[in-house]
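Enquirer: Going by the working numbering, the sequence shown opens with residue 3, and the numbers climb by one from there.
A virtual CB, placed ideally from N, CA and C, is assigned to each residue, including glycine.
My questions all concern the structure below.
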Amino acid sequence: MKSFYLTDPGKVRDHNEDSVVIVEANGCQLMAIADGMGGHRAGEVASSIAINYLGKHFKETFFDLSKVDAVKWIRAAYEEINGLIFQHEKNNPESKGMGTTLVMAILTEKYLLFGNVGDSSGFVMKDKVLHKVTYDHTLVNLLVSAGELTKEEASNHPKKNVLMKALGASAKVDVDIFDCNMDISEILLSSDGLTNLLDKEQINKVLLTKDSVEEKVKKLINKANNRGGTDNISVAYLVREAGEN
């Protein structure tokens, strides 16, 4: 198993509101990316709250859980992070309006689960083809699902980055959980700073090169920056070695 992650402020933003982690505990892997939002640098606080809690909580509590219990663990983690963000706002009124997306993947010997709130993305590679697992909780995606916009119209829509869900946005957390087939070779998570500038085929092309895991992540970020780097860019990437379950 090889993994690597990197986050970059991009070419436009003056600071980075993304946070990323890859953690191994008890033979299980956790990957997560949070893309924060809010004034007075509150976005980076919100994403840090999410990732710091998740990494520590995973190491301390994720012991040989069944798939059913792992789903419960994911739901409880999202609810706890949501509560921590609201508590921070209460104690720090200047951070009111802060929030974060959160996409995560947990890989064990027996299952692969994704959790998602917001518009950061989770992908898997199967038979050299990249597949998007998660669904973006954006206004335009909602309109596409309702048949009011085409995918082409959505890609250039002026409100394409308007989020319908985020942690810190409402008291109730509605997290999407995806149970994936284990017949995959790679897992990729990214913030929308990557996916707004590179489409799935362009990402796929980079991942199919013979570069190292680290070089592929750096190349994806460089390509997004070369296309304008309009947002913070974060990538977490894991490759399963041949013969691994």
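Cutting at 6 Å between CB atoms, please list the residues of its own chain near Glu46, excluding the five before and the five after it.
Expert: Taken in chain order, the residues that qualify are Glu19 and Gly38.
Enquirer: Confirm, please, whether the CB-CB distance from Met3 to Tyr113 is below 8 Å.
Expert: Against a cut-off of 8 Å, the Cβ pair of Met3 and Tyr113 comes out as no contact.
Enquirer: If distances are taken between C-alpha atoms only, which option among Lys98, Asn28, Lys61 and Val164 comes closest to Ser122?
Expert: Nearest C-alpha to Ser122: Val164.
Enquirer: Short check: CB of Tyr239 to CB of Lys218, under 8 Å?
Expert: In this structure, Lys218 lies closer than 8 Å to Tyr239 by Cβ.
Enquirer: Short check: CB of Gly40 to CB of Ala48, under 8 Å?
Expert: Yes; because the gap between Cβ atoms is below 8 Å, this pair is in contact.
Enquirer: Quick check on the burial criterion: 16 or more other C-beta atoms within 10 angstroms. Buried or exposed for Gln89?
Expert: Exposed, since its Cβ has fewer than 16 Cβ neighbours within 10 Å.
Enquirer: Label Lys248 either buried or exposed according to how many other C-beta atoms from any shown protein chain fall within 10 Å of its C-beta, with 16 as the threshold for buried.
Expert: What the structure shows of the chain is the stretch from 3 to 247, and residue 248 is not part of that stretch, so it cannot be assessed.
Enquirer: Is the stretch 132-142 touching the stretch 91-102 in the sense that three or more CB pairs, one from each, lie closer than 8 Å?
Expert: In short, these stretches do not touch, since the Cβ pair count stays below three.
Enquirer: What ranges does the beta strand (DSSP E) occupy inside the stretch 82-163, keeping only unbroken runs of at least 3 residues that lie completely in it?
Expert: Fully enclosed beta strand (DSSP E) runs of 3 or longer: 104-109, 114-119, 123-128 and 131-134.
Enquirer: Quick one: what's Lys4 bridged to in DSSP?
Expert: Lys4 is bridged to Val241.
Enquirer: Let me make sure I understand the geometry here. Which of Val73, His133 and Leu151 has the alpha-carbon closest to that of Gly117?
Expert: Answer by Cα proximity: Val73.
Enquirer: Determine the direct distance from the alpha carbon of His159 to that of Val208, and round the result to whole angstroms.
Expert: Going from the Cα of Val208 to the Cα of His159 covers about 27 Å.
Enquirer: Which of the three DSSP states, helix, strand or coil, is assigned to Glu19?
Expert: In this structure, Glu19 counts as coil in the three-state DSSP scheme.
Enquirer: Relative to the alpha-carbon of Ile108, which residue among Leu144, Asp178 and Cys30 has its alpha-carbon at the smallest distance?
Expert: Answer by Cα proximity: Cys30.
Enquirer: Suppose you measure from the CA of Val175 to the CA of Asp181; what does that come to, to the nearest Å?
Expert: Between Val175 and Asp181, the C-alpha separation is close to 19 Å.
Enquirer: If you follow the beta strand (DSSP E) that Ile179 is in, where does it begin and where does it stop?
Expert: Looking at the DSSP string, the run of the beta strand (DSSP E) that includes Ile179 is Asp178 to Cys182.
Enquirer: Is the number of C-beta pairs between the stretch 193-204 and the stretch 216-232 that are closer than 8 Å three or more?
Expert: Touching, yes, given that three or more Cβ pairs across the two stretches are closer than 8 Å.
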